[in-house]
Structures are given as C-alpha cells and as structure tokens.
Amino acid sequence: MTPHATHSDPNSHPLAAALQRHTTAEIRWDAPTRALYATDASHYQIMPLGVVLPRHGDDLLAITQLAAEHGVALIGRGGGTSLSGQSIGAGIIVDCSKYLNRVLDFDPSSRRIRIQPGMVLDHLNASLAPHGLMFGPDVATASRATLGGMIGNNSAGSRSLIYGKTADHVTALDTILSHGIRHRFEAMTPSEWERMRAGSSPIASIYRTIQRLIRDHADEIRRRFPHILRRVSGYNLAAYVDPESTSGIDAWRNHTPPSVPERADCSLVPLLVGSEGTLVLVESADLKLVPRPKFRGLLVPHFESLTAALEAVEICLAAQPSAVELMDSMLIDLARTQRSLKRAMSSIHGHPAALLMVEWVSDDAAEIPERIGKLARILERLPGCTAVVPAIEAAEREPLWNLRSSAVPLLYGMPGDRKPVTFVEDTAVSPEKLPAFATRFRAILREHGTDGTFYGHASVGCLHIRPVLNLKDPHDRQRMRSIMTAISDLVLEFGGALSGEHGDGLVRSEWNAKMYGPTIAKAFLEIKQAFDPANRFNPGKIVNAPPMEANLRPLPGESQVEPATRFQYESQGGFFRSIEVCNGAGVCRRTQGGAMCPSYRATRDEVDSTRGRANALRLALVGDGPNSPQTPPLQQRWVHEVLDLCLSCKACKAECPSNVDLTKLKAEFEHAYYQAHPRPWSHRLARSIPELHRWGAALAPITNAILRNSWLRRLFEPITGLDHRRQFPELERNHFHRWWKRRHSGGPTPASATSTRRVMLLADCFTSFTESRIPKALVRILEAGGLQVELAPLRCCGRAMLSKGYLSETQVLIQQQLPTLLAATADGTPILGIEPSCTVALLDEWPELIPGDATARLAQSVFLADDWLSREIQAGRLRLPLRESPQTLLLHGHCHQKAMLGTTGSSDLLRLIPQTTVHTLDVGCCGMAGMFGYERNHFDLSRRIAELQLLPALRAAPEAGVAATGTSCRHQIADFGERAARHPIEWLADALIDESAAAI
1 MTPHATHSDP
11 NSHPLAAALQ
21 RHTTAEIRWD
31 APTRALYATD
41 ASHYQIMPLG
51 VVLPRHGDDL
61 LAITQLAAEH
71 GVALIGRGGG
81 TSLSGQSIGA
91 GIIVDCSKYL
101 NRVLDFDPSS
111 RRIRIQPGMV
121 LDHLNASLAP
131 HGLMFGPDVA
141 TASRATLGGM
151 IGNNSAGSRS
161 LIYGKTADHV
171 TALDTILSHG
181 IRHRFEAMTP
191 SEWERMRAGS
201 SPIASIYRTI
211 QRLIRDHADE
221 IRRRFPHILR
231 RVSGYNLAAY
241 VDPESTSGID
251 AWRNHTPPSV
261 PERADCSLVP
271 LLVGSEGTLV
281 LVESADLKLV
291 PRPKFRGLLV
301 PHFESLTAAL
311 EAVEICLAAQ
321 PSAVELMDSM
331 LIDLARTQRS
341 LKRAMSSIHG
351 HPAALLMVEW
361 VSDDAAEIPE
371 RIGKLARILE
381 RLPGCTAVVP
391 AIEAAEREPL
401 WNLRSSAVPL
411 LYGMPGDRKP
421 VTFVEDTAVS
431 PEKLPAFATR
441 FRAILREHGT
451 DGTFYGHASV
461 GCLHIRPVLN
471 LKDPHDRQRM
481 RSIMTAISDL
491 VLEFGGALSG
501 EHGDGLVRSE
511 WNAKMYGPTI
521 AKAFLEIKQA
531 FDPANRFNPG
541 KIVNAPPMEA
551 NLRPLPGESQ
561 VEPATRFQYE
571 SQGGFFRSIE
581 VCNGAGVCRR
591 TQGGAMCPSY
601 RATRDEVDST
611 RGRANALRLA
621 LVGDGPNSPQ
631 TPPLQQRWVH
641 EVLDLCLSCK
651 ACKAECPSNV
661 DLTKLKAEFE
671 HAYYQAHPRP
681 WSHRLARSIP
691 ELHRWGAALA
701 PITNAILRNS
711 WLRRLFEPIT
721 GLDHRRQFPE
731 LERNHFHRWW
741 KRRHSGGPTP
751 ASATSTRRVM
761 LLADCFTSFT
771 ESRIPKALVR
781 ILEAGGLQVE
791 LAPLRCCGRA
801 MLSKGYLSET
811 QVLIQQQLPT
821 LLAATADGTP
831 ILGIEPSCTV
841 ALLDEWPELI
851 PGDATARLAQ
861 SVFLADDWLS
871 REIQAGRLRL
881 PLRESPQTLL
891 LHGHCHQKAM
901 LGTTGSSDLL
911 RLIPQTTVHT
921 LDVGCCGMAG
931 MFGYERNHFD
941 LSRRIAELQL
951 LPALRAAPEA
961 GVAATGTSCR
971 HQIADFGERA
981 ARHPIEWLAD
991 ALIDESAAAI
C-alpha cells in the first residue's frame, strides 16, 4: 500500500480533521509525505505539520481560515524548485501544483490571460503557441516551475533584457489574506485608491501603511535600493519611487511618486510579486503576454579566461541581443560527463575557460544571421577569444541552450563531498562592473580556502557564483557565514544586490537589514505586520528570519557507516553520495518531453517523483524520516512504500542532470529490504521466468488455456498478486530454441554458414518463447547479409531478477556465465540483442554488480541488434536487398533503450526500407515495465501511464504501422491500444527481397 493511498488519519491532528470536513482538498498528514515536503531545491530542511493539496479557490480560503483558528502557519508551494528555501516551513505546505493549474480566462486579441497559481510555465506556453503568444520571463526550470512560484519569487530568466521580470507582466492578483478574506489587487484610479484606504478594515490598513511608508521613506528607498536591472530582495518599495531601478518593458516607467498616486495605473501588485508568499496566497493571476518570436539564433564565443569573457559582455550587449549567458570551465567539464548533453558538447571547441551564449530573437529570418555575423567578426579579433560558434538551426541551437539550463543539477553531480553551494550564488551588479567584481569575488573565495563556479545572466550582471564547500564539515558550515559577510560587503561596495532573481528565503533574509539599512528593514516589518499581523504566511522569510546556518539539511555520511551493497558505487563516490547528488532541482516533475518520471506524470504526487524517492532514501539513512526503531534504514517499510511505484525505467539515469539512478537504488533497497520481509509471489514468479517459460512452452496448449481462463486468473490473483484483467503473453510450443535446434540438426545448411563473418544472437527469455517470429526474422536478415549466426552461450541475463532486487542471485548467474561468454567473444564476435532491457542488463547492471575488466570487456562486444545493423549497413559493410515499401511507421522505443542507447539506431534501421517514413514518438514510458504492469496493485497506474501520451499518439495516426522495440511495450499496446505493434526487425525482414537466404 503506497503512503498516498491512505493519505492520513483524520484524527491525527485536530486541524487535519477540520480540513477533511470543510474542504475538498487532499489532506496528507502521513509521515512519509511530510518528510518529503521538508525540502525543496535548497540546502534546507524543515519538517511540516502536514501537506494540503487544494482543488479550487474555495479550498484555499477555507484552509486559510481553519489554519488561523488553529494557529498554524501556511507555506505556499508550486514545483518546489526554490534554491533559497522559500517553499518549506514548519506549518502546512499548501501545494497548488496538482489541481490549481488551469487557465481561467484567455483573450488572445488583448494578449491577456488569467491562470491559477499551479500552472507550469512550459504548459502555459505550449497552450499559447498556437496563438503565437507566450509568457515573457523564461526561467531555466520552466518544465516544472509554476506561475505561482514565479510570482512569489519575481522570477526573470535568461531573456530579461527584453522581457524583464515577472512583475512586469502581472496586472492583477486574486488573493487570500491571512485574515481569511479575499481581495483583488489591480490598477486603480486615485479616487479608487482613496476609497480603498478609508475605513478600519484590514484592507484599508494595508493601503494606508504602504502609502505612508512610501511617503516617509522615499529618499531612503532611492538611496538603499540598488539601481540595477536585477534585484528581488526584500519588498519592492522601489517600484513606487524609482521606476528606473526596475527592468523590463514599460512597467512603472513614468509612475509619479509618492503620497497619493496621481496616475490611473497605481497598484500594489508590484509589491506582492516577489513577496515569497509572506503577504498573501494567490488564488489566480492576470498576466500580460508577449508575441512568440518566429526565429532565434545563438553565437557561442569561447574564451581563454573568465575575465576575457566578462570583458566581452559590453561588446555583446552593443549588438542588442535577447540574452548573454555565461558558463565557466567547471560547469563545462561537468557537462562533458553527461550522456544527455553529448550533442551540445560536440559544438564546444577544445577546453575553453569560459563561454558566452549570445542569443537574438526576431520575426525577420534574415536579421539574426546578419547580427551573428557582425558580432562574430568583432569577437574573432578580440584578445582572449579562442573560437566563435554560430548556432542558428534548432538542431544546433537547442542542445547548447539546454546545456546552460542544466547548470544547477549538473553542479550537484560533482564527485565527492565538496559541492558548489547556494548562498552567495545570486549577486547582481551593473554589467560593466562584472570583470572587477568577479575578480574580487574569486579573491575572497581563495582567501577562504576555496573556489567556485561562475555562470549566469551576464547580460544583466547577475552571476550565479557558487563556492565549493563540504556541508558535512562543521567548519565549512561556519565558513558560509564568513564568506557571506565578505561578499555582502563587496556587493554593497559595487552598488549591487545580494539576490538578483533567486530571492531571500532562508538563506538571505537574515541579511536584508545589512543590505537595506535599519529604516528600510523596519519598513519591511511594517509591511508584513499590515498584511499578516499573526505571522501566518511563510514565516521566517524576508523578515524575522533565522540565521542562515539554521535548518541545513542533514546529509548521509555525516555520522553513518556506509551499508554493505551489491552494486558498486565507486564512480559516484559511495552509496551515500549516489543519493545526495539529488539537489531537488525537480527535473523529474516535468510532464512533457522525455520519459522521466512516468509514475509522477500519472499521479502528480511528490512522493512519486525521482526527487521524492531519493529524498526518502536520504531521510531514512540520516534518521530524519519516520523510521521504525531498531530497523536498518534499508529495511524501512515506509521507504519501501515510497519506492513502490518506481517502474525502474532508467529514465532518471539519463535525463536527470545529476544522474540520480533510481533503478539501481531501488534494486539495492529491495535486495536489503527482503532480507527481513517476505517476498510476494509475483517476485518469485519474476525470478523464475526463464524456467517457467521453458516448462510452460513444453505444455503450451495446456499452459495457454490456463492463462486465457479469466476465472482461473481471478481465482489465483490473491495468491500470485497478478491482476486478472491483464492478458498474459501466450507461450509457443515451437519456440525459438526448439526451432533453432531442429534447424541445425539436419536439413539444408544456410549458405551464410561458411561465411567468415560471425555474429551471436542473444536469445532472450521473452521473445524466444512468446514472440519467436522476431529472433527468426533477425536470423533471416543476418543470413541474407551473408553472416554466420550462432547463439550466444547465455542462459539468462537476469533482467527479471534485477527488477525485483534479486541481486545476490544475479551475481551468481553472471559469474556462472561470464567465462563462457568471454571465450565466445574473444575474437571480437559481436553479441546482438533483440530485447533492449536484456541487452542493457549486460551493458549496465552486469559491470555494476561484478565490476572489473571481465564485464567491461564483455560489454564492448554487446550491441542492440537495431544499432549494429543500421551502423553496418550505413557503413557499407552489410548489404541487404530491400523492396520498396510505401508506409508510415510510428516508432516507440523501450525506456531502457532511450536512457542508455537512444532510438537513433532503430529509426535509422527502419528508414533504410525504401519509401518508408518513420516518426519517432516522444511519448514517455508505456507503463508496462515488465512484471510491474501485471501486478494488481500496479495495473491501474500502468494503464494511466499508457493513456498519458502513448495511446493518444497511436489513436491520432490510425493508418500508420507501429514499431515498438520492447516486448513490454508491444504487449501494453496490444492490451490497451487494440492494435498490433511489431519489432523494427520484423518490419525490416518484411522488406527483404531474397527469400532464399534462409530456410525458415
């Protein structure tokens, strides 16, 4: 039973019971959920009292009123991607991302839209694309950042040169105040302002307080607020007295300060945007939209030093770009290790000390190449510039831009305990001051015995400089304060801001008094008192803040001994470090593109994200989770429940920029967990698949009759744990191994048998016994190409056992078969696999379970048949006579293939068929995942995952053929898609002209 199946005991807390009675919200008071909401993407951890997921605005109002009655704080939360600890706290977490994510009103002609706070930025922009519109600010976390979070943080992103900050695009906010009342903040006329501030209501008090503070402290506001494009610390009083200090298009450009506002566009919205949820809860927001540019282009100059790059920023700005981004060598070197960034790194020349990414947007296709060429000619003559790389086409441009967007999680993939830490990572100064500022900044770090990584938005002077520290070391935790003290002095000297976009949160709020002085700090307190007199909304942020060192999250390894493991973790620096590389960036919470994370995409529950599962393991290891006393961390039942819905798809290993490998971690956990707990029958059946298939195939008519009998399936469901609604694959009496034996025991010998070129076929336990037509087709293809085909001496790869954590048994299996396999491939003979999951087992898990030269050498001889064939044919080393086949095929790749190998080999193979058009689907996981989709506690989720993207994509193209590389994928499509999917090998075999190549 998963923790979110029961949610919570309504009697566990009086407030939980009241919320269940008076709202329609999901109430999560269970310990695992609370533990997973104790962190965000920052270094902090605070255990909340509970978690509430409101379904509509009335829930938000009731939650606020009930929390006030019980004296409990509320912390608003969206994607939980805050780097400053803004979305955690000791009260109730109000997660708006699951349900409050709709568009409420949209007028494309006026470019206005009203949205709920849980709307994800990428989802909004995808819905606006057909109208040629988008929301201007574009944060790096757009795939999971919510508009509510962007409003709370006043987020900006890379293109703030032309689009400004979120405050420049919000026209009205429907809010709920801590008093338990609704209020709409929007532009007003002077007379409306006067009416609003009259009377004794809480709303009137708010308007009077703000007007008084502006009137009394206008000169101090002008003096203390930095006059730069990027500054989000504190409450945005500068918007009312110094409009030129804000960035963006035209917001508050000609606003008349202070006293009674004299323009008809006066509003408190600029004050609320960036208030980090400390003043109001947002129920909905009215936004201005901007036209979507038709064309983009990128120029990437390389530099021999960081200083040279920063000195070039002003030259780049003169070319009127939309963005100028910086990356230093530390980040570039980390990117070289990432499979997902391989395409981007192929465009990087040599080993530059720094890169700038200069971007232009335009509706004129000719303008961008002209601007790129002009700036490139200038930079090529610049001392210190070593190369200039243009990237105009999307295929070149997008991988490079994604490289910059991956910066934050990349940094947490740095091996060892010393990591780039966020606390002085958001400083901003005028761009022309960057070279001197960065030099002084680095000198301070070196004085403190460390260095840092430099990257960020050079165009607006906002650099994300992260000192490299070990937060497991108490001395380095103390060093944070010393560095912050010196850097805050430096920022004040340069007239800059301590936060250019990431906000105050738990890490910088303490420093607002120093940065703004006592008068402004007192004004911030008065603003908080006016809006939230009982300090109910997100306490401890912006004002009344705890010390920055308080509430730092415990990390595995501070006092614990590493547990004994079956997999090796040397490349990650140990088992603990393989877990703590998760920094909470939340890429696993995206729901479009790639495959990570299928169960989260279906449930939208934090506990079902890769981040949630990694956090559960970390919390168990440090003892901060709801652990059972005397039970080892890797045998905790609550962790088992959190990991239960992980499909072991490997998508996180490839798509998480920090390379969190939950497939490996779950298998490791299950190996340890079931040393102390009984295994379900479904696990035992999975372990025995090779034997069951062999025995069952020998009695195929009887076996299949039993499997087809729905009454028997229902009868045995409580015992086996397998859902009776699932159709089981039928076993074949004339399976591949029997066919192979008969074929080679007599009769005509294939002409290719005398060939000097030899290949081995990995006859897996799945296709060999249930889809023997596929390996037979592969034999036919190989022999048609003049190759001698043999069977690899492999009884089983262990994939089914690996999926259920039978790691000791798999190690024995590997050791039994490894010597024979090495001998068979000693002459360089390749082993070709049909089933991606089995092929990947030899490439990935075998070397991790039995590390050393032997498994590494074997892996060099193992290939997915699709990849090997397409490469050999394209290289001219293999020729196949193929007939024209006018057809359109949809290709769906197995998750393990997409994660570890890619689907290019399969698509290239199909495109070799004359007149065949191939469309590779980007639809995530099919939801089957081997035994997972057969189990009764997973069947419904399995179907939901398939219905997210895969099945709708197939229904949208009913005339197209379907190619699916995985046996699980083909069965899922057959069960729920009501159409046949075939392996790419089958489609290729159908196009063969020479029927005499093999006697099949």
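According to full-length UniProt numbering, the residues represented by the sequence shown are 1 to 1000, in order.
Yeah, the Cβ is synthetic: ideal placement off N, Cα and C, and Gly gets one too.
Every value quoted in this text rests on a predicted model; they were computed, and no experiment measured them.
F225, DSSP secondary structure in three states: coil
Give a yes or no on whether the C-beta atoms belonging to S91 and E276 are separated by under 8 Å. In the sequence as displayed, the identity of residue 91 is Gly instead of Ser. Not a contact, by the Cβ cut-off of 8 Å.
Just how far apart, CA to CA, sit A989 and A705? 31 Å
Helix, strand or coil for D174 per DSSP? strand
Hey, how far is the Cα of V491 from the Cα of Y455? 17 Å
Specify whether the segment 393-400 and the segment 192-210 touch according to this definition: at least 3 beta carbon pairs, one from each stretch, less than 8 Å apart. no
Measure the Cβ-Cβ separation of L411 and P420 and say whether it is below 8 Å. yes
Three-way DSSP call (helix, strand, coil) for Y207 in this model: helix
Using 8 Å as the threshold, is the C-beta distance between V429 and F437 below it? yes
May I have the straight-line CA-CA distance separating T610 from F669, to the nearest angstrom? 15 Å
Could you tell me whether the segment 534-551 touches the segment 575-593, where touching means 3 or more Cβ pairs closer than 8 Å? no
Local Cβ density within 10 Å of D333, reported as buried at 16 or more and exposed below that: exposed
Tell me, please, whether the segment 950-970 touches the segment 880-900 by the rule of three or more beta-carbon pairs shorter than 8 Å. yes
Considering only the beta carbon of each residue, do Q972 and G924 sit closer than 8 Å? no
Residues of its chain near H131, where Cβ-Cβ distance is below 8 Å and the 5 sequence neighbours each way are ignored: P108
Report yes or no: do the segment 530-541 and the segment 63-78 share at least 3 C-beta pairs separated by less than 8 Å? yes
With contact counted as at least three CB pairs below 8 Å, one residue from each stretch, are the segment 934-949 and the segment 586-601 in contact? yes
Which same chain residues end up closer than 7 Å to L813 when comparing Cβ atoms and leaving out the 5 residues on each side of it in sequence? C796 and G798
For R371, I'd like the list of residues in its chain whose CB is within less than 7 Å of its CB, leaving aside the five on either flank, ordered along the chain. A319 and W360
Three-state secondary structure assigned by DSSP to C895: helix
Looking at the structure shown, is P626 part of a helix, part of a strand, or coil, going by DSSP? coil
N- and C-terminal bounds of the beta strand (DSSP E) containing K288: L281 to K288
Straight-line CA distance for F736 to A777? 11 Å
Can you list, in chain order, the stretches of the alpha helix (DSSP H) that have 4 or more residues and sit fully within the segment 52-97? 57-70
Contact under 8 Å by Cβ, L555 with V543: no
Just to check my reading of the structure: L909 and T839 have Cβ atoms closer than 8 Å, yes? What is that Cβ distance to the nearest angstrom? Incorrect: roughly 15 Å between the Cβ atoms, too far for contact.
According to DSSP, is H255 helix, strand or coil? Its pLDDT being 34, under 50, H255 is placed unreliably in this model, and the coordinates cannot settle the point.
Report the rounded CA-to-CA distance for N254 versus H349, giving the unit in angstroms. Note that N254 scores a pLDDT of 36, beneath 50, so its modelled location is shaky and nothing firm can be said.
Hey, P48 and R34 are a contact pair by Cβ (cut 8 Å); roughly how many whole angstroms apart? 5 Å
For the ligand PLP, is there any heavy atom lying closer than 7 Å to the beta carbon of T855? Among the ligands in the structure shown, none appear at all, so the ligand PLP cannot be discussed.
In the DSSP assignment, what are the bridge partners of L138? It is Asp, not Leu, that sits at residue 138 in the sequence shown. Its beta-bridge partners are G157.
Would you kindly report the start and end of the unbroken alpha helix (DSSP H) that includes P301? First-last for P301: F295 to F303, but that is the beta strand (DSSP E), not the alpha helix (DSSP H).
Roughly how many whole angstroms lie between the Cα atoms of K288 and P137? 11 Å
Host alpha helix (DSSP H) of A763 (start-end): Taken as a continuous stretch (DSSP letters only), A763 belongs to no alpha helix (DSSP H), as it is neither H nor E.
Quick check on the burial criterion: 16 or more other C-beta atoms within 10 angstroms. Buried or exposed for residue 1027? The requested residue 1027 does not occur in the structure, where the chain is confined to residues 1 to 1000.
Measuring only the C-alpha atoms, how far is G180 from E26? 20 Å
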